[in-house]
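Just remember that my numbering sits 5 ahead of the position in the first sequence, which is counted from 1.
Using N, Cα and C, we set each Cβ at its ideal position, and we do this for glycine too.
So the structure is just underneath, and the comments pick up after that.
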Amino acid sequence: MKYDPQDIEPRWQAHWAQQRTFAAPNPGDDGFDDAKPRFYVLDMFPYPSGVGLHVGHPVGYIATDIAARYQRMRGYNVLHPMGFDAFGLPAEQYAVETGVHPRETTRRNIDNMVGQLKRLGLGYDWDRRFSTTDTDYYKWTQWIFLQLYNSWFDPWRDAARPIDELEQLLEAGDLDVGFDGELIDPGAMSGFEPIAGNAPGTRRWQELAPDQQRRLIDEYRLAYLAEVDVNWCPALGTVLANEEVTADGRSERGNHPVHQRPLRQWMLRITAYAERLIDDLDIVDWPEPIKLMQRNWIGRSEGAHVEFPLDAPTPGDEPDAVGVFTTRPDTLFGATYMVLAPEHPLVRVITTAVQRQAVDRYVRDADRRSELERQNEARDKTGVFTGAHAVNPVNDDRIPIWIADYVMMGYGTGAIMAVPAHDHRDFDFARKFGLPIRAVVEPTDDWLRDHRADLPEDAPDALRSAYHADAGRFDEAYTGPGRNVNSANDEISLDGETTDDAKRSITDWLHRKGLGEGQTQYKLRDWLFSRQRYWGEPFPILHGPDGEIVALDESDLAVELPEMTDFAPEPTDDPNAPPRPPLARAPESWRIVERDGVRYERELNTMPQWAGSCWYYLRFCDPHNTERFVSEQAEQYWMAGAMSNEDDDHGRTSRNWLEPAPSGGVDLYVGGVEHAVLHLLYARFWHKVLYDLGHVSTPEPFGRLFNQGYIQAYCYRDARGIVVPADEVVDQDGKPAMDVQDQPNRRFSHNGQPVTQEYGKMGKSLKNAVNPDDIGARFGTDTLRLYLMYMGPLEASKPWNTRDIVGVHRFLNRVWRNLVDEDTGDTLVTDDHPSADLERNVHRTIQRVTRQMESLGFNVAIAAMIELNNELVAMDRVPRLAAETLVRLLAPFAPHLAEELWQRLGHAPSVADADWPDYDETMLVEERIELPVQVNGKLRGRITVPADADDDAIEAAARGDAKVADELVGKTVRKVIVVKGKLINIVAQ
RNA sequence: GCCGGUGUGGCGGAAUUGGCAGACGCGACGGAUUCAAAAUCCGUUGGGGCUAAACACCCCGUGUGGGUUCGACUCCCACCACCGGCACCA
6 MKYDPQDIEP RWQAHWAQQR TFAAPNPGDD GFDDAKPRFY VLDMFPYPSG
56 VGLHVGHPVG YIATDIAARY QRMRGYNVLH PMGFDAFGLP AEQYAVETGV
106 HPRETTRRNI DNMVGQLKRL GLGYDWDRRF STTDTDYYKW TQWIFLQLYN
156 SWFDPWRDAA RPIDELEQLL EAGDLDVGFD GELIDPGAMS GFEPIAGNAP
206 GTRRWQELAP DQQRRLIDEY RLAYLAEVDV NWCPALGTVL ANEEVTADGR
256 SERGNHPVHQ RPLRQWMLRI TAYAERLIDD LDIVDWPEPI KLMQRNWIGR
306 SEGAHVEFPL DAPTPGDEPD AVGVFTTRPD TLFGATYMVL APEHPLVRVI
356 TTAVQRQAVD RYVRDADRRS ELERQNEARD KTGVFTGAHA VNPVNDDRIP
406 IWIADYVMMG YGTGAIMAVP AHDHRDFDFA RKFGLPIRAV VEPTDDWLRD
456 HRADLPEDAP DALRSAYHAD AGRFDEAYTG PGRNVNSAND EISLDGETTD
506 DAKRSITDWL HRKGLGEGQT QYKLRDWLFS RQRYWGEPFP ILHGPDGEIV
556 ALDESDLAVE LPEMTDFAPE PTDDPNAPPR PPLARAPESW RIVERDGVRY
606 ERELNTMPQW AGSCWYYLRF CDPHNTERFV SEQAEQYWMA GAMSNEDDDH
656 GRTSRNWLEP APSGGVDLYV GGVEHAVLHL LYARFWHKVL YDLGHVSTPE
706 PFGRLFNQGY IQAYCYRDAR GIVVPADEVV DQDGKPAMDV QDQPNRRFSH
756 NGQPVTQEYG KMGKSLKNAV NPDDIGARFG TDTLRLYLMY MGPLEASKPW
806 NTRDIVGVHR FLNRVWRNLV DEDTGDTLVT DDHPSADLER NVHRTIQRVT
856 RQMESLGFNV AIAAMIELNN ELVAMDRVPR LAAETLVRLL APFAPHLAEE
906 LWQRLGHAPS VADADWPDYD ETMLVEERIE LPVQVNGKLR GRITVPADAD
956 DDAIEAAARG DAKVADELVG KTVRKVIVVK GKLINIVAQ
């Protein structure tokens, strides 16, 4: 009776399925135990691709499975579900090529993938499985869209509210409307000083025409239609995400030209949440690098808005000042020119007749190049003078206004004040066009010396006066902090102030003078939410004959995708023709909705793939609910986290990933880093809206996040640089390359042709994917699981080495042979009491493994189990304590083998329900311990002393050691350091 | 360019967070078992020196160079290499 995973594994998988071992009851369900603590552990659910999984994919799934099984054994109610994010391009592309409906492809791929996941022995609650493409699911995705559409963001409360309440506030006069459409709280008007150039004043809601009222309301919705610049690919007939456009402005698929064009698209007002999305990163327990990536992506900058009056009058309603945002208001006295983005609306207003031709040409050129192109071009500065001037409000200097494409319309006001002395970009530009460079911040002496260019002086004072006279003689801009100089007018002087103080002083002054005010800017843009695709969620929106937008009622949901056979996007050669999404060809019975005799057309775009993944973690709490997207009870139960107000973990060096999340939300969310700023940001945004509207109970969706590393693998290229299949490569002895990769002096070949070895992420494109089913067939799934966890730390990327698998396979074999007689099949267990040494080791192993579980240090936990098992090898019969402990420790990692042994040890299934073993602290102490002895920090000997020996006794024992005594001959002992239980160090001269 | 991460034997990695560097596994070498092989079991395995050999002993060693400390893979400073993110964001 040898260890035979091919027999054991399918049997226990069938057992778990029949017994519904991993089904998690909700509060109120049969079998629900309210006394237990709860834990929600979740994987980033996959897109069900046609090629199936390779061994890199399930690393995270196996890790969460181990965590979930461990938590169950520790007595938690564990929610551990799996589903599929199945809308998206690949199924649609496949449909275009083959005519097979995406629904069919998706169903097939999901079935295939579920089979693979089950063969990995993953203990999911499969009763909760769904796909984002299920009508029952996307009905609620549409419902959440309606929540967004029917809400506005109240800046005073810093939260979303129902849109009706905005109308009520305006109706009641609690809010007025500014001339730019901004909302104004009349109660807060006192002390308001209008910024120069803006027409002050407000209008009452009642003064607006009904049409104006409707448009105003629409402008405040969290989901809104707007004309935005998109990447439009005429040949493919669709907009593309930035990620789908290559650096040279062509489509990744098909290499067709792509250009920017304005299109009316659905947008989501994620920018309203910029501040909360940054601030609340402080309450979640995520890896710092991921938090940082989100912070950088959202891009908060503190600074000031400053108005620069134009020096010549402008016609009609046109503004007579240029507003800029700056993070360095302290350098305002050094602003020697201004730059507008080429698209800035003021350009056509202020350009003088003399400059018009040059400006027009520049604007046209800039327009033709996509934003992407502009960003990727060499940083050589270009620009044109408009002929117009503005006035620097602090010193009344008349400064020229240029246009240049290094200023982006999409950030701030699309215009900047240029301070060439203290900004690299402005410095380059000023140098190139001969604009003045005025120093207003004092650099350090070192900086002056390092950047003096060809100045002969080297005395600090001489350099300093040269810098004050003309900062352009130095070789770059000084962008660091320092004390201000040259910064005074009749009313205010910043001279001598530090950068931080100067920022505050000048901002106060600007505010008092009505010239500007402190401002916070974000890089984050609103989220473009329309796609010209078939395989996505339809919008619950109708368009009326006069262009009015009608949102459907909840009772109209779901808006199902119409049956179609042709999913191809419509190519168009006319860059100005409006795109016709595939749904434009849907049957009229779907497309047209008649209400009260009026013909409405459905919105023909669909939602982007991210929509479904923005809330799936909520649906898992209550996946079959037909009344709500999730019941309040289920949501409050599973998403509660620890919700403690306990102190943060300052000073804690290693975290416990398996405690309920302090902020609430999913307790442990595991996935790759690639979603750091996309899915993870979008989902947080949706969650916060649902939170504001009272639909969920926690401010954050994912309390704890863990990023697992990638599996890498060698790949091979032939002489032409073409990748060849890695499993066909052999070395000079004809051995498969995969078995000898790291042995020195190997030469590899493919079909007799020499190939070179490289290293990269495992996947289809490098032809180095390893199928988990193949490894399972050779070694068993338990071995594969164990190997993937044993390779190294979970968060690290690490190389796949087929050769190494035998190590853990031998371990499992040895466990089997230690406990089962291979001839008779009897268990080799004795009820005799274990030796004191073995007993202590059992307890020590429990301690080591348990500690490693908390830090997800599975590789080290496995090493501890191997050590314990190695001790059992020499025994004829293993004491029951050791056997049962080992089996239970192993259960989360190699669940099939553990189930089999647990049963053979005389227990009823399932070991998944067994208790995690406890260890006894008192069992861990040894009577005598060995201590290393150092002399002057170098190891010179070892002593064995009673564990409770005091410092003097230890020192005496150390001096008694022959080698130590030798070392000390002729030396005077200066100091003796005894570290309890660790070592003793004697300092002598 | 800016930001972040990682550097430990032939390979994957460990080190109770400032206390015996290299746990555990792979590979390699030697041996046992076997007609033989596979499988299994036992032993050795960071580099160098000394030694006929073993034991013992000595020196060096965690990317590089400095520093703090009785003591540094761990802390500080400077640098190098690789990986990742952002990239004219004012």
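Span of the alpha helix (DSSP H) holding Arg353?
Within the first sequence, residue 353 is the residue found at index 348, counting from 1. Its alpha helix (DSSP H) spans residues 352-355.
For Gln147, which of Ala68, Gln737, Ile546, Met413 has the nearest alpha-carbon?
Translated into the one-based positions of the first sequence, residue 147 becomes position 142. Among Ala68, Gln737, Ile546, Met413, the Cα nearest to that of Gln147 belongs to Ile546.
Quick one: grab the DSSP three-state call for Gln713.
One-based indexing of the first sequence puts residue 713 at position 708. Residue state, collapsed to three classes: coil.
Have a look at the DSSP bridge pairing and note the partners of Lys803.
The residue given as residue 803 occupies position 798 in the first sequence. BP columns for Lys803 point to Ile716.
Leaving aside the five residues before and after Asp837 along the sequence, list all residues of the same chain whose C-beta is less than 7 Å from its C-beta, in chain order.
On the first sequence, residue 837 is found 832 positions in, with the first residue counted as 1. Answer for Asp837: Pro884, listed in chain order.
Using a Cβ-Cβ cutoff of less than 7 Å, which residues in the same chain neighbour Arg909 once the five nearest sequence positions on both sides are dropped?
Counted from its first residue, the first sequence places residue 909 at position 904. The answer, listed in chain order, is Val825, Thr832.
Could you check where the alpha helix (DSSP H) with Gly120 kicks off and where it finishes?
For the purposes of this step, residue 120 is identified with residue 115 of the first sequence, where counting begins at 1. Counting along the chain, the alpha helix (DSSP H) containing Gly120 begins and ends at 107-124.
Taking 7 Å as the limit between beta carbons, can you name the residues of its chain near Met414, skipping five residues before and five after?
For this step, residue 414 is matched to residue 409 along the first sequence. Excluding positions up to five away in sequence, the list reads Ala346, Glu348, His349.
Three CB pairs or more closer than 8 Å across the segment 478-490 and the segment 313-330
no
Would you decide whether His429 is buried or exposed? Buried here means 16 or more other CB atoms lie within 10 Å of its CB.
Here the question's residue 429 lines up with position 424 in the first sequence. His429 should be labelled exposed.
Express the C-alpha separation of His901 and Glu876 in angstroms, rounding to a whole number.
By one-based count along the first sequence, residue 876 stands at place 871. By one-based count along the first sequence, residue 901 stands at place 896. Answer to the nearest angstrom: the Cα atoms are 23 Å apart.
Among Ile716, Thr449, Pro465, nearest to Pro63 - alpha-carbon criterion:
For the purposes of this step, residue 63 is taken as residue 58 along the first sequence, with counting starting at 1. The candidate whose alpha carbon is nearest that of Pro63 is Ile716.
Those runs of the beta strand (DSSP E) which lie wholly inside the segment 394-444 and span at least 3 residues
403-408, 420-423
Output the distance between the C-alpha atoms of Val368 and Arg266, rounded to the nearest integer angstrom.
Mapped onto the first sequence, residue 368 falls at position 363. Mapped onto the first sequence, residue 266 falls at position 261. Each residue's Cα considered, the two are about 15 Å apart.
Taking a contact to mean a Cβ-Cβ separation below 8 Å, would you say Gly797 touches Asn864 in this structure?
The count along the first sequence starts at 1 and reaches residue 797 at position 792. The count along the first sequence starts at 1 and reaches residue 864 at position 859. Yes.
Which residues DSSP lists as bridging Gln939, in chain order
In the first sequence, the residue the question calls residue 939 occupies position 934. Leu944, Asn990, per the DSSP bridge assignment.
For the beta strand (DSSP E) containing Asp561, name the first residue and the last one.
Looking up residue 561 in the first sequence gives position 556. Note, Asp561: premise wrong, no beta strand (DSSP E); not H, not E.
What is the DSSP secondary structure of Val311, counted as helix, strand or coil?
Reading the first sequence from its first residue, position 306 is the one you call residue 311. Three-state DSSP puts Val311 in a strand.
Closest residue to Arg403 among Ala340, Trp210, Pro583 (Cα-Cα distance):
Translated into positions along the first sequence, residue 403 becomes position 398. Of the candidates Ala340, Trp210, Pro583, the one whose C-alpha sits nearest the C-alpha of Arg403 is Ala340.
So the alpha helix (DSSP H) Asp778 belongs to, where does it begin and stop?
As a working note, residue 778 is residue 773 in the first sequence. 777-784 is the span of the alpha helix (DSSP H), which, as asked, contains Asp778.
Mind checking whether Gly708 and Asp672 have CB atoms under 8 Å apart?
The residue labelled residue 708 in the question sits at position 703 within the first sequence. The residue labelled residue 672 in the question sits at position 667 within the first sequence. Against a cut-off of 8 Å, the Cβ pair of Asp672 and Gly708 comes out as a contact.
Under the three-state DSSP convention, the category Gln211 falls into
Residue 211 sits at position 206 when you count from the first residue of the first sequence. It is helical.
Reducing DSSP to helix, strand and coil, say where Val233 ends up.
Against the first sequence, residue 233 aligns to sequence position 228. If DSSP states are grouped into helix, strand and coil, Val233 belongs with the strands.
May I ask which residues mark the beginning and end of the alpha helix (DSSP H) holding Gly65?
Locating residue 65 in the first sequence gives position 60, where the first residue counts as 1. Taken as a continuous stretch (DSSP letters only), the alpha helix (DSSP H) holding Gly65 covers 63-78.
Residue burial classification, Glu999 (beta-carbon count within 10 angstroms, cutoff 16):
One cannot answer for residue 999 here, as it falls past the ends of the chain, which runs 6 to 994.
Exposed or buried, what is Ala896 when buried is set at 16 or more other beta-carbons lying within 10 Å of its beta-carbon?
One-based indexing of the first sequence puts residue 896 at position 891. Classification of Ala896: buried, given that the 10 Å Cβ count is 16 or more.
Exposed unless 16 or more other CB atoms sit within 10 angstroms - verdict on Met6
For the purposes of this step, residue 6 is identified with residue 1 of the first sequence, where counting begins at 1. Met6 should be labelled exposed.
Check this for me: beta carbons of Gly388 and Phe438, under 8 Å apart or not?
Stepping through the first sequence from its first residue, residue 388 is reached at position 383. Stepping through the first sequence from its first residue, residue 438 is reached at position 433. Yes, the Cβ-Cβ distance between Gly388 and Phe438 is below 8 Å.
State yes or no: is the C-beta of Met343 within less than 8 Å of the C-beta of Ala395?
Translated into the one-based positions of the first sequence, residue 343 becomes position 338. Translated into the one-based positions of the first sequence, residue 395 becomes position 390. Going by C-beta atoms, Met343 is nearer than 8 Å to Ala395.
Count the other CB atoms within 10 Å of the CB of Glu1055; is the residue buried (16 or more) or exposed (fewer)?
No answer is possible for residue 1055: the residues shown for the chain start at 6 and end at 994.
What's the gap between the Cα of Met928 and the Cα of Glu827?
What you label residue 928 is simply residue 923 of the first sequence in a count that begins at 1. What you label residue 827 is simply residue 822 of the first sequence in a count that begins at 1. Cα to Cα, Met928 sits roughly 33 Å from Glu827.
Pairwise C-alpha distance: Asp335 and Lys508
In the first sequence, the residue the question calls residue 508 occupies position 503. In the first sequence, the residue the question calls residue 335 occupies position 330. So the alpha carbons of these two residues sit roughly 5 Å apart.
Considering just the uninterrupted stretch of the alpha helix (DSSP H) at Thr512, what are its terminal residues?
The residue labelled residue 512 in the question sits at position 507 within the first sequence. That run of the alpha helix (DSSP H) goes 504-518.
Taking the beta carbon of Trp821 as the centre, do at least 16 other beta carbons fall within 10 Å, making it buried, or is it exposed?
Position 816 of the first sequence, counted from the first residue, corresponds to residue 821. Trp821 is buried by the Cβ-count criterion.
Less than 8 Å between the beta carbons of Gly521 and Ala309, yes or no?
Translated into the one-based positions of the first sequence, residue 521 becomes position 516. Translated into the one-based positions of the first sequence, residue 309 becomes position 304. Closer than 8 Å, so yes.
Taking buried to mean at least 16 other C-beta atoms within 10 Å of its own C-beta, is Pro199 buried or exposed?
To locate residue 199, count along the first sequence from 1; it is residue 194. Residue placement at Pro199 cannot be trusted, given a pLDDT of 41 that sits under 50; what the coordinates show is reported in the next sentence. Pro199 should be labelled exposed.
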